[in-house]
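In this note's numbering, the protein residues as written are 1 to 1035.
Backbone N, C-alpha and C fix where the C-beta goes; we use that ideal spot for every residue, glycine too.
Since the structure comes first, as structure tokens, the remarks are kept for the end.
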């Protein structure tokens, strides 16, 4: 395979204008419903929940005016007219004809000129006449009647403005959220995917319950061709009904001639056809290359958050729970899977077969429904009466054993911990070859990316840690998310934060050998880094549009959500937290909740006489963005704690923040600092608080083991005392506390609170450090600074930094072994140290890596490279022509997905710009490299000196295709934006990034990730401006 064939040399010149996804099209034409015309049908009275008003900022298309031709005054006038129930009429401004029968005649030359008095009288007369005319014209006719005009009813609701459907008729709903006038009780779904034509047909029979009187039924459908629709009300006749569609909001509606009454049941039947999606969401086609080289096609689903509507018409919101019965028509050589066990299979005369699954025994939200048509093979076991299976493509069944072991242990654990048994008869875990997300918690049919589920028998502990983490997370969702579901996506953290928390805490208990605590600490640090930006958001925040929903799947919902639960658990006595979540699951079993429901459940289990409201504390952590900085000032035994919003403000402006948090402060002192009983508590609820220490206390350290979600700054010699203590003996603090000091100090440096000299003073102690958390954090922070300087081509400083890093870590780097290592923590540390050493081109590291790769190739890839060393060995090899070519060949033939990803990262680390360009284009095309791996390729290219500008150019040139593949707001697109911009620190790059996103207009310009990128560049630029002289001096 020659990636540099002459035909591949041309770079794709794709249009740079954003193609808007149909989900995000502009607002529709506004129909003038106030006009009294028989052209438009009468609309029914509003449902009680329908408080739909046209917002002031709406884009109104008015007769005779273009969309943007209203100035502010005209727009105000139009709005006022609508408030009065008037139709806004565009008055003609055409000029008068040039000729007129009323031509002014020239006065005779003999006439005398009128006097000044006469002229003044005439002018006054004309002004009076004109004024009276205007008054009569603009006042309503009722002004001069005996009864006068009716006073406007200020309490009457505004008439909703309905958009136009695809047929031109008014669509009877004007909101993103569906009306609550009807609710689904059951879906009877029949689907027939054709894997040859990549199309499918379907039939949805939806049983509905009327909640209050209504004349229309509104639900979701996207990219479905509705061919027939019928409605049966109660036991009445079945009648054909017309279906209106409003594509920008992916909604369809049935308008009725009669009003449905509260309590009635009706059955809506919709027949439709569609193409299988190619964007990894909805009902989409996937494929894999079998061992004999043939391509096998399959169909799978990914519905979260808003894509069930692409597979069948439905009420695609979490609160519309219902039961489901699914039938799949397939070819005999395939199997079908769904949430429930298969009930029966029926052979059709055509030779096809229909699999019918049991009706779901639980009510489900539409986003956790799933079905797959494939030829996979399973390995199974039974756990507490539940049949558990792991499915994979033929030839990879032996890689499913570890996942089956983990799910067996964790299912038993969760059944006991939650005190509610898993409610379904079966639990399938399926590895999908083309799967964009890491995994998806569909009830009874959890789907995974292959790298998140399959590992070989010789897999490293780090690779097993990844699989165990994802399995534990998705299994926790069977309770948190499936059994009890958030009411709307603004509270996504109730699903994801809880599943993340359970993932880490449960694995720490059941699989202690995986050392999952180190990873949990690291992700808390990374969550705070993002949450410190002004572009962050509250844990529970308003979302409405689809792209807003997609952007909720971020570190705030996941890692911050888990972090504040960890903090809450640590601050509550005994088992109150555990009892509270069990109470929560029992109280809302099968229902939908909001955040306040959780706090109430945890509060209610507290039986102490001085019960305190958990809500009072936790609302400060979920309803405002960011987190606090606690500043410690000490005067002998008196300690003052002051809290403020830790905000990395990129605009250098001073913002007075009134944010306050209820902070469960923990601290230790030099008298007792390691054991859990050393921890002391103090609750800070106001701006400042005071605590007292013994006069002989030399230092104190806040946030014991970093269980609190806040940072700390130490004034009045506080930092100096801690640094002195660490230099005397690192063991005066736990490894978590030492890591948090390093993280907080680097963060405070970005805030401008500490100097680079102080950072270097703290890092002096790491020469004696041996534990993974502090060393990994120090390496991460210094490597980030190194890459920033590299992208600015500060070559002299880079040489000095290399010397400094060798001084700090050189002994540890040279002492690392290159053989198998069983301990996960030591694997993590070895990987971080050797990747840094080889990236700095330290000779003994790069030579060891080359030697190991040579042995690997000479053995025809049969020699086992330890999993934690694969990335560094492959990356060093990829810097040579021979090594890069060999790795590309290995990538195309190897079957272990974890190893394939490391090879791909190594290929993307090359400094050869031809190869960088080829890799980016290959990832976009999806033939040699799966398109779902493109974010990984872009990230690795962006880290390299040669590739980072190519990666940013690639994103700009191919934005249209990127957003066709990865939805606007999706995690994949967030990752691409962050990796290509996070290492910029100059005004030129800032201008480029701002200009690019501003040109996108609606489609992408308002993404939170775009705002975050701009903010990060400004912060990098500011840090460089303020600290470069100091860095030059102290290095």
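query	result
Give me the residue from 527, 632, 226, 770 with the minimum Cα distance to residue 250.	226
Look up residue 846 in the DSSP assignment and give the residues it is bridged to.	BP columns for residue 846 are empty, so no partner.
Considering only the beta carbon of each residue, do residue 270 and residue 229 sit closer than 8 Å?	yes
Return the first residue and the last residue of the beta strand (DSSP E) that residue 1025 is part of.	Per DSSP, residue 1025 belongs to no beta strand (DSSP E); it is in the alpha helix (DSSP H), 1008-1034.
Take the Cβ of residue 266 as the centre, count every other Cβ of all protein chains shown within 10 Å, and call the residue buried at 16 or more, exposed below.	buried
Does residue 418 come out as helix, strand or coil in the three-state DSSP assignment?	coil
Starting from the Cα of residue 961, find the closest Cα among 533, 924, 993, 978 and give me that residue.	924
Can you tell which of 466, 1026, 658 has its C-alpha closest to the C-alpha of residue 757?	1026
How should residue 321 be labelled, buried or exposed, when 16 other C-beta atoms within 10 angstroms of its C-beta is the threshold for buried?	buried
For chain C, check one thing: does any of its Cβ atoms lie closer than 8 Å to the Cβ of residue 520?	Judged by its chain identifiers, the structure shown contains no chain C, having just a single protein chain.
Put residue 192 into one of helix, strand or coil per three-state DSSP.	strand
Measure the beta-carbon distance from residue 713 to residue 748 and round it to whole angstroms, keeping in mind my assumption that it falls under 8 Å.	6 Å
Could you tell me the distance, in whole angstroms, from the CA atom of residue 407 to the CA atom of residue 587?	26 Å
Any idea which residues DSSP pairs residue 630 with across the strands?	643, 712
With distances taken between CB atoms, is the gap from residue 325 to residue 371 smaller than 8 Å?	no
Which same chain residues, not among the five before or five after residue 827, have their C-beta less than 7 Å away from its C-beta?	460, 461, 462, 821, 868
With which residues is residue 480 paired in a DSSP beta bridge?	484
For residue 958, which of helix, strand or coil comes out of DSSP?	coil
Which of the three DSSP states, helix, strand or coil, is assigned to residue 495?	helix
Using a 10 Å radius around the Cβ and a threshold of 16 neighbouring Cβ atoms, would you call residue 47 buried or exposed?	Bear in mind that a pLDDT of 46 at residue 47, under 50, signals an unreliable position, so the number given afterwards is only what the model happens to contain. By the 10 Å Cβ count, residue 47 comes out buried.
Tell me where the alpha helix (DSSP H) around residue 802 begins and ends.	795-814
Spell out the partners DSSP gives residue 271 in its beta bridges.	203, 228
Check whether the Cβ atoms of residue 323 and residue 311 sit closer than 8 Å, and answer yes or no.	no
Just to confirm, is the Cβ distance from residue 711 to residue 648 under 8 Å?	no
Which residue wins for smallest C-alpha separation from residue 661, given the options 990, 614, 901?	614
List, from N- to C-terminal side, the beta strand (DSSP E) runs of 3 residues or more that fit wholly inside the segment 855-938.	none
What residue range does the beta strand (DSSP E) around residue 290 cover?	Where residue 290 is concerned, there is no enclosing beta strand (DSSP E), given that its DSSP letter is neither H nor E.
What are the uninterrupted segments assigned as alpha helix (DSSP H) that are 4 or more residues long and contained completely in the segment 672-749, given in chain order?	718-728
Spatial neighbours of residue 633 within its chain, please: C-beta separation below 6 Å, excluding the five flanking residues on both sides.	640, 715, 716
I need the straight-line Cα distance from residue 504 to residue 1018, nearest angstrom please.	34 Å
What are the residues that DSSP puts in a beta bridge with residue 220?	251, 314
Determine the extent of the alpha helix (DSSP H) in which residue 664 is found, giving its start and end residues.	First-last for residue 664: 663-669, but that is the beta strand (DSSP E), not the alpha helix (DSSP H).
Please return the same chain residues whose Cβ sits closer than 7 Å to the Cβ of residue 1034, not counting the five positions on each side in sequence.	756, 757, 760
So does the segment 408-420 actually touch the segment 576-586, counting three or more Cβ pairs closer than 8 Å?	yes
Taking all protein chains shown into account, decide if residue 692 is buried (16 or more other Cβ within 10 angstroms of its Cβ) or exposed.	exposed
Applying the criterion that 16 or more other CB atoms from any shown protein chain within 10 Å of the CB defines a buried residue, is residue 672 buried or exposed?	exposed
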